[in-house]
Amino acid sequence: MPRTSALWKTWEGIGSLKRLHDWTDRASANIPYTYVATGALLAEALNQSGRSKEAEEVYGSALEIAQATRLDELLARR
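When we follow the numbering used here, the leftmost residue of the sequence shown carries the number 43, and every step to the right adds one.
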């Protein structure tokens, strides 16, 4: 988890994907999906290790990416 957490903070794609507001190419939806899935899993791991504030930030970013790329159905409400 430490490596994933460190990478999450430095991945430049996160900011780019959050600014898209529309992902029209469903064939390449696996690109933002990877960020959404990684963010959700990392948030859960952080939450389970008692780092709830950081978990909420990561989950929030994952949710923003999911909404911007129309993949928000992948994330259930917590």
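Just so it is clear, CB atoms sit at the ideal spot from N, CA and C, and this is done for glycine as well. Please read all numbers here as calculations on a predicted model, not as lab measurements.
Closer than 8 Å is the cut-off here; do at least three beta carbon pairs connect the stretch 88 to 102 with the stretch 69 to 77?
no
In the DSSP assignment, find the unbroken alpha helix (DSSP H) run with residue 122 in it and report its ends.
Since the first residue of the chain shown is 43 and the last is 120, residue 122 is not available in this structure.
What is the rounded straight-line gap between the Cα of residue 110 and the Cα of residue 67?
Here the question's residue 110 lines up with position 68 in the sequence shown. Here the question's residue 67 lines up with position 25 in the sequence shown. Approximately 13 Å, taken between the alpha carbons.
Inspect the beta-carbon positions of residue 113 and residue 71 and report whether they are closer than 8 Å.
Walking along the sequence shown from the start, residue 113 turns up at place 71. Walking along the sequence shown from the start, residue 71 turns up at place 29. Yes, the Cβ-Cβ distance between residue 113 and residue 71 is below 8 Å.
Whole angstroms are fine: how far does the CA of residue 61 sit from the CA of residue 88?
What you label residue 88 is simply residue 46 of the sequence shown in a count that begins at 1. What you label residue 61 is simply residue 19 of the sequence shown in a count that begins at 1. Roughly 25 Å between the two C-alpha positions.
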